[in-house]
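Worksheet: the structure to be examined is printed underneath.
Number of protein chains: 2
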Amino acid sequence: GMAPAVHAQAAVRWRLASSFPKPLDTIYGAAEVFANAVKAMSGGKFEISVHAGGELMPPFGVVDGVQQGSVEMCHTVPYYFYGKNPAFAIGAAIPFGMNARQMNAWMMHGNGRKLMNEFYGNYGMLSYAGGNTGTQMGGWFRKEVKTVADLKGLKMRLGGGLVGEVMAKMGVVPQSIPGGEIYQALEKGTIDAAEWVGPYDDQKLGFAKVAPHYYYPGWWEGGPEVDFFINRKAFDALSPENKAIVEAATTVAAVDMLAKYDARNPEALKQLIGAKVKLLPFSKEILDASFKAAQQVYEENDAKSPEWKKIFADFRAFQRNQVAWFRVAEGRFDSYMQSIKL
Amino acid sequence: GMAPAVHAQAAVRWRLASSFPKPLDTIYGAAEVFANAVKAMSGGKFEISVHAGGELMPPFGVVDGVQQGSVEMCHTVPYYFYGKNPAFAIGAAIPFGMNARQMNAWMMHGNGRKLMNEFYGNYGMLSYAGGNTGTQMGGWFRKEVKTVADLKGLKMRLGGGLVGEVMAKMGVVPQSIPGGEIYQALEKGTIDAAEWVGPYDDQKLGFAKVAPHYYYPGWWEGGPEVDFFINRKAFDALSPENKAIVEAATTVAAVDMLAKYDARNPEALKQLIGAKVKLLPFSKEILDASFKAAQQVYEENDAKSPEWKKIFADFRAFQRNQVAWFRVAEGRFDSYMQSIKL
Numbered sequence: 019g020m021a022p023a024v025h026a027q028a029a030v031r032w033r034l035a036s037s038f039p040k041p042l043d044t045i046y047g048a049a050e051v052f053a054n055a056v057k058a059m060s061g062g063k064f065e066i067s068v069h070a071g072g073e074l075m076p077p078f079g080v081v082d083g084v085q086q087g088s089v090e091m092c093h094t095v096p097y098y099f100y101g102k103n104p105a106f107a108i109g110a111a112i113p114f115g116m117n118a119r120q121m122n123a124w125m126m127h128g129n130g131r132k133l134m135n136e137f138y139g140n141y142g143m144l145s146y147a148g149g150n151t152g153t154q155m156g157g158w159f160r161k162e163v164k165t166v167a168d169l170k171g172l173k174m175r176l177g178g179g180l181v182g183e184v185m186a187k188m189g190v191v192p193q194s195i196p197g198g199e200i201y202q203a204l205e206k207g208t209i210d211a212a213e214w215v216g217p218y219d220d221q222k223l224g225f226a227k228v229a230p231h232y233y234y235p236g237w238w239e240g241g242p243e244v245d246f247f248i249n250r251k252a253f254d255a256l257s258p259e260n261k262a263i264v265e266a267a268t269t270v271a272a273v274d275m276l277a278k279y280d281a282r283n284p285e286a287l288k289q290l291i292g293a294k295v296k297l298l299p300f301s302k303e304i305l306d307a308s309f310k311a312a313q314q315v316y317e318e319n320d321a322k323s324p325e326w327k328k329i330f331a332d333f334r335a336f337q338r339n340q341v342a343w344f345r346v347a348e349g350r351f352d353s354y355m356q357s358i359k360l
Numbered sequence: 019g020m021a022p023a024v025h026a027q028a029a030v031r032w033r034l035a036s037s038f039p040k041p042l043d044t045i046y047g048a049a050e051v052f053a054n055a056v057k058a059m060s061g062g063k064f065e066i067s068v069h070a071g072g073e074l075m076p077p078f079g080v081v082d083g084v085q086q087g088s089v090e091m092c093h094t095v096p097y098y099f100y101g102k103n104p105a106f107a108i109g110a111a112i113p114f115g116m117n118a119r120q121m122n123a124w125m126m127h128g129n130g131r132k133l134m135n136e137f138y139g140n141y142g143m144l145s146y147a148g149g150n151t152g153t154q155m156g157g158w159f160r161k162e163v164k165t166v167a168d169l170k171g172l173k174m175r176l177g178g179g180l181v182g183e184v185m186a187k188m189g190v191v192p193q194s195i196p197g198g199e200i201y202q203a204l205e206k207g208t209i210d211a212a213e214w215v216g217p218y219d220d221q222k223l224g225f226a227k228v229a230p231h232y233y234y235p236g237w238w239e240g241g242p243e244v245d246f247f248i249n250r251k252a253f254d255a256l257s258p259e260n261k262a263i264v265e266a267a268t269t270v271a272a273v274d275m276l277a278k279y280d281a282r283n284p285e286a287l288k289q290l291i292g293a294k295v296k297l298l299p300f301s302k303e304i305l306d307a308s309f310k311a312a313q314q315v316y317e318e319n320d321a322k323s324p325e326w327k328k329i330f331a332d333f334r335a336f337q338r339n340q341v342a343w344f345r346v347a348e349g350r351f352d353s354y355m356q357s358i359k360l
């Protein structure tokens with residue numbers, strides 16, 4: 019066949035600010051997987067340097083950085099920016115939200131990506147999925163918590179998003195502490211509990227020694243999506259092939275992160291159980307009270323933020339259908355597999 | 019910065035043979051998603067024409083086609099080639115195997131892709147994931163089946179892989195019938211039951227009218243992987259950037275297919291239930307007997323095929339860890355969500 023006209027692609031150099039520290043290797047590493055894929059696909063003509071949290075700007079300053087154009091893109095969890103507008107949380111995870119697969123379905127073939135990008139447009143950004151951890155664990159507790167009464171006054175380190183407001187309604191006193199300082203706070207008893215991610219990441223921080231009651235599930239993070247946010251002007255300036263390359267590379271990174279967590283968590287969990295960790299489910303009483311408290315927070319957000327209200331209505335309607343379907347083939351298959359000895 | 023040396027990428031034209039007919043639009047369409055991504059990322063310099071099942075070669079002749087180099091690649095379900103060697107089935111789905119996420123984890127960060135590609139090397143091919151349907155349904159039955167005794171002599175249309183052998187051990191008489199002829203066979207009573215895919219695809223074939231008992235789960239397809247097989251010589255002849263583009267585009271297609279099924283199945287299921295379909299779970303008796311029969315088939319395959327034996331041992335060890343982990347955070351989150359009114 020005829021060779022198409024030769025045209026040289028201009029060299030493109032971008033910077034990506036991550037919200038994550040390098041030791042959180044699975045999450046942080048997804049940005050490197052992304053950048054490597056872009057470089058390989060473009061034959062080295064499009065290079066993106068990846069900068070760990072704090073290197074170019076504070077970890078939670080990355081959205082401002084992208085909006086202002088000081089970096090072309092970032093890798094972060096949208097719920098960190100809940101304070102700007104609660105609608106950010108829906109793009110990552112809300113308590114009793116969707117699992118990883120359901121979230122993908124909403125984003126890709128429901129209205130999810132479209133609605134979120136309309137909203138992110140207010141910040142001069144567009145988003146692509148950049149990973150998922152799967153359902154996280156509910157965290158490490160110095161003492162057992164069986165009832166809602168056990169939560170009253172409990173000082174608990176929590177991550178981003180709505181969970182702090184939901185927990186506060188149940189009497190928990192949310193604490194904001196960087197990952198590196200959690201161990202010491204638990205050891206000293208400055209805090210009573212802390213949630214981080216899941217077995218693979220948690221094991222490295224050694225919480226088992228100081229707070230051996232390891233609860234599940236992290237009902238506030240059933241399938242948290244990590245995102246790439248890209249400055250729209252920078253994106254629009256790309257050639258059509260580089261746009262397609264960026265989009266595909268985000269997918270490569272997103273799939274890779276979840277597969278990596280799924281492959282790594284089981285072994286870490288086994289080792290934790292071997293180290294005498296007490297693996298405990300949250301009681302139905304606690305889950306039910308948490309779910310009820312979450313509905314109140316949703317309603318408060320409906321009143322506070324029209325963006326939340328619009329996006330949440332679509333999210334919840336989609337979720338209802340998803341859960342009804344996952345109850346059937348997928349749910350029954352999984353529950354049967356979990357009931358037998360392989 | 020300095021622009022890298024300009025070099026013209028030669029135009030590349032490939033042909034892809036699909037095993038699927040166009041009306042199976044979600045599965046068939048994934049090959050088009052793939053080809054469109056390759057074209058966009060390469061700026062039109064790499065074009066892949068997609069040919070529906072039967073257009074260039076018979077739907078189940080595509081592995082021979084790739085091996086012989088009459089096409090550069092195909093899009094198919096590896097278990098169709100179970101007759102060549104049972105190890106093919108492990109690359110797609112085996113009864114009581116892994117779900118879609120677990121399969122991805124094994125392929126990408128366990129030994130899955132490495133072991134399967136060693137095996138596929140015997141056919142001059144390499145593989146990439148090219149989609150997943152999620153857990154399929156167990157099929158349509160003219161009459162209720164409650165016990166293993168109810169399965170004796172039952173003529174059931176089944177797809178590929180090991181399920182026929184497992185079902186035969188329970189007295190079922192497996193039938194091989196193309197999709198387009200199932201409806202009539204059920205209507206006439208030539209067969210008693212038929213499995214196809216899930217609500218979205220099944221609804222279009224109208225089985226509800228002639229076999230209204232719709233069972234779940236399809237325990238033989240907990241997370242069937244659809245694959246792209248590529249002729250190794252053709253792949254090796256690609257430039258490094260085109261190799262990277264092909265790899266990323268397979269991921270885009272794979273993620274898109276599962277998200278599309280997850281988005282489409284719930285609405286179809288609702289409509290089926292509205293049309294008086296009787297949605298029924300397989301009884302524990304039937305599941306337990308099927309699981310036992312599957313173990314026998316696994317053992318027979320261990321004796322027959324050293325390739326099966328090697329790959330299955332790794333698959334099963336990985337699966338044990340996966341299921342133990344999914345029982346915790348992910349499983350408890352899903353089961354709680356399925357227990358409440360959203």
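Taken in sequence, the protein lines are chains C and S.
Numbering-wise (UniProt numbering), the first sequence opens with residue 19 and increments by one.
Numbering-wise (UniProt numbering), the second sequence opens with residue 19 and increments by one.
Glycine is no exception: its CB is placed at the ideal position from the N, C-alpha and C atoms.
With respect to C:L34, C:A53 sits close: the two C-beta atoms are nearer than 8 Å. Neighbours of S:P230 in chain C, taken as residues whose beta carbon is under 9 Å from its own, are absent, since the nearest beta carbon is some 16 Å off.
Every alpha helix (DSSP H) of 4 residues or more that sits fully in the segment 84 to 165 of chain C is shown, in chain order, as 105 to 108, 118 to 127 and 130 to 138.
Judged by DSSP secondary structure, C:S36 falls within the beta strand (DSSP E) whose first and last residues are V30 to S36. Against chain S, the CB of C:I45 has no partner CB under 8 Å away; the residue lies outside that interface. Listed by position along chain S, the residues whose Cβ is nearer than 9 Å to that of C:N117 are E348, F351, D352 and M355. With a threshold of 8 Å between beta carbons, C:N249 makes no contact with chain S.
For S:T269, the nearest CB of chain C lies under 8 Å from its own CB, placing it at the interface with that chain. S:A110 counts as buried, since at least 16 other C-beta atoms from the protein chains shown sit within 10 angstroms of its C-beta. Sorting C:H93, C:V84 and C:E73 by C-alpha distance to the C-alpha of C:M275 places C:H93 at the top. With the criterion set as a beta carbon lying under 7 Å from some beta carbon of chain S, the members of the segment 316 to 343 of chain C are R334, Q337, R338, N339, Q340, V341, A342 and W343, in sequence order.
In chain order, I358 make up the part of chain S whose C-beta sits under 8 Å from the C-beta of C:F309.
Close partners of C:Y141 in chain S (Cβ separation under 7 Å) are lacking, with about 25 Å as the shortest Cβ gap. The residues Y141 and G142, in chain order, have a CB closer than 6 Å to that of C:Q85 in the same chain once the five nearest residues on each side in sequence are set aside.
For S:S36, the closest Cβ of chain C is not nearer than 8 Å. If you check the CB distance, C:A70 and C:F38 come in under 8 Å.
Here S:I358 is exposed. Its C-beta has fewer than 16 other C-beta atoms within 10 Å.
Not one beta carbon of chain S lies nearer than 8 Å to the beta carbon of C:Y146.
The beta carbons of C:L297 and S:V341 sit about 15 Å from each other, so the pair does not count as a contact at 8 Å.
Secondary structure remark: continuous alpha helix (DSSP H) runs of at least 4 residues inside the segment 171 to 252 of chain C, in chain order: 181 to 187, 197 to 206 and 217 to 223. By the Cβ criterion, the segment 322 to 338 of chain C is not in contact with the segment 208 to 215 of chain C, since fewer than three pairs of Cβ atoms, one from each stretch, lie closer than 8 Å.
For S:V295, no beta strand (DSSP E) encloses it, and the DSSP letter there is neither H nor E.
Between S:V181 and S:A311, the CB-CB gap reaches or exceeds 8 Å.
The C-alpha of S:Y138 lies about 47 Å from the C-alpha of C:S88.
Approximately 16 Å separates the beta-carbon atoms of C:P217 and C:N150; this is outside 8 Å, ruling out the contact. Contact between S:R175 and S:A203 holds: their C-beta atoms lie close to 7 Å from each other, under 8 Å. Where C:S67 is concerned, the enclosing beta strand (DSSP E) starts and stops at F64 to H69. Of all C-beta pairs linking the segment 230 to 244 of chain S to the segment 110 to 124 of chain S, three or more are shorter than 8 Å, placing the two stretches in contact. Non-local C-beta neighbours of S:E205 in its own chain, meaning closer than 6 Å and more than five positions away in sequence, comprise V228, ordered along the chain. The CB of C:W32 never comes closer than 7 Å to any CB in chain S; the least such distance is about 12 Å.
Here the alpha carbons of S:P96 and C:S353 stand approximately 26 Å from one another. Counting along the chain, the unbroken alpha helix (DSSP H) around S:F351 starts and ends at A347 to S357. Look at C:H127: its C-beta is under 8 Å from a C-beta on chain S. Here the alpha carbon of C:N319 sits roughly 12 Å from the alpha carbon of C:G101. In the structure shown, C:P324 falls within a helical segment according to DSSP collapsed to helix, strand and coil. Taking C:I112 as the centre and dropping the five residues before and after it, the same chain places the C-beta of L180 closer than 6 Å to its C-beta, in chain order.
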